[in-house]
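Numbering (my numbering), first residue to last: 906 to 1363. Yeah, the Cβ is synthetic: ideal placement off N, Cα and C, and Gly gets one too. One structure is given here, and the rest of the page talks about it.
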């Protein structure tokens, strides 16, 4: 199918070049070659068959009739898919050449033509088939044909020239019998670009990601028979109106890269890819929102299989679809910043709180450590004098030093009563000397260490 599509897209010379390179068919499908000289090695000479009078046109779809002279055993069969087509309907014309003796070295074939006839090359192939137990070389040519006007139209086949293997001294040529077509005319008011096809389909509607102020793409595929770039462009221009917030540029139309999409509709169907460049507005759609509704696509066509072709119009339709787009990059950054601000603020507050908690915790832990160290230092004193010196040093090293030894000063700082009594006992024991009561010393030392207020170290 891919070779058929390529052949249909390009001119006949390119088709001939492709076939020559591929080596699949040693024949020309459309363009005549200059006159050839037969072998000039003494065994053959140039010979002309002379003019050939074609047979009168017939109305049969399939025929092997023709005028002229074909090599012995060679059969030329022509088939016209529609003898009574509708005006501008595309139909298939096939020409088959059978060579049972495998005597043909080359064949020169041309496209059919006629007044009010348009022809496009589809394919030219060569293979070997088995007929009645014999291996026969078969050449196969196909064209897509349109009758551009109504009434009686003659489809004429051109002369086929044969090159025969060996030293034949006569020219072989054959003119297949023409066809008389009864073309049903379409109403005159219908535009010429309106496609005539049994079916028309819209497939693969896709819209790419859209950003405000930046061009995006809307694309789809149209599949049907008898389509052309000009016809599709006319049909699309007549109906597409850009919605508020979107700008739709002129369509870009080209044959779809993957023609396999049209295979389900037969050999005459084509797939065309349509692309629109669309530009979303920065300010948004009709209500300021960044969204708009792409218009529905309705492509009219004429169904040639209807009872009265052209009396009614069929449509290939796609529904309108809502599209949305992102803000332009600068606004996206601002939106991101706005969205992040609460989180940033919460993070800063959290960091401050964590700092405060850490500071309080550190101060509490340091005070607790100093308190425990002071208690340990007081408990390690060996006598009343050492205990008093250490107590004075501990009180002087407090965050709020206590240098006064007045009882009221200690009471003002919240000293416990038992601690004050143990301090008074220490003062008496300090002056008792060796007669100091050891039991009283240990008791006062423990009380001074145990009842030492932890709050003094904060």
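- Approximately 7 Å separates the beta-carbon atoms of residue 1231 and residue 1117; this is inside 8 Å, confirming the contact.
- The three-state secondary structure of residue 968, taken from DSSP, is strand.
- DSSP places residue 1040 within a strand segment (E or B) once states are collapsed to three.
- Taken atom to atom, the span from the alpha-carbon of residue 973 to that of residue 958 is near 8 Å.
- Inside the region 966 to 1046, DSSP marks no whole alpha helix (DSSP H) run of 4 or more residues.
- The region 1310 to 1342 is shown to contain whole alpha helix (DSSP H) runs of 4 or more residues at 1312 to 1317, 1322 to 1337, in chain order.
- For residue 1170, the three-state secondary structure derived from DSSP is helix.
- Distance from residue 1174 to residue 1126 at the Cβ level is roughly 12 Å; contact not present, criterion being Cβ atoms closer than 8 Å.
- In chain order, 960, 963, 1081, 1082 place their CB closer than 8 Å to the CB of residue 970, counting only its own chain and leaving out the 5 sequence neighbours on each side.
- Residue range 1121 to 1130 is occupied by the beta strand (DSSP E) that includes residue 1124.
- Per DSSP, the unbroken alpha helix (DSSP H) holding residue 1293 starts and ends at 1289 to 1301.
- Scanning the region 1132 to 1187 from its first residue to its last, the whole alpha helix (DSSP H) runs of 4-plus residues come out as 1134 to 1142.
- In the three-state reduction of the DSSP assignment, residue 1205 falls in the strand class.
- Between residue 1169 and residue 1122, the C-beta gap is not smaller than 8 Å, which leaves the two residues out of contact.
- By the Cβ-count criterion, residue 1249 is exposed, with fewer than 16 other Cβ atoms from all chains shown falling within 10 Å of its own Cβ.
- Closest by C-alpha distance to residue 1154, out of 1185, 1048, 1004, 1329, is 1185.
- Ranking 1160, 1097, 1180 by CA distance to the CA of residue 1139 puts 1097 first.
- For residue 1021 and residue 984, the gap between their C-alpha atoms comes out near 19 Å.
- Counted as a single uninterrupted DSSP element, the beta strand (DSSP E) harbouring residue 1226 occupies residues 1226 to 1229.
- Here the alpha carbons of residue 1352 and residue 1332 stand approximately 14 Å from one another.
- Residue 1301 sits close to residue 1308, with the two beta carbons spaced by under 8 Å.
- Shortest Cα-Cα distance from residue 1067 to any of 1060, 1061, 1059, 1076 involves 1076.
- The beta-carbon distance between residue 1197 and residue 1148, rounded to whole angstroms, is 4 Å. This is short enough to meet the 8 Å contact definition.
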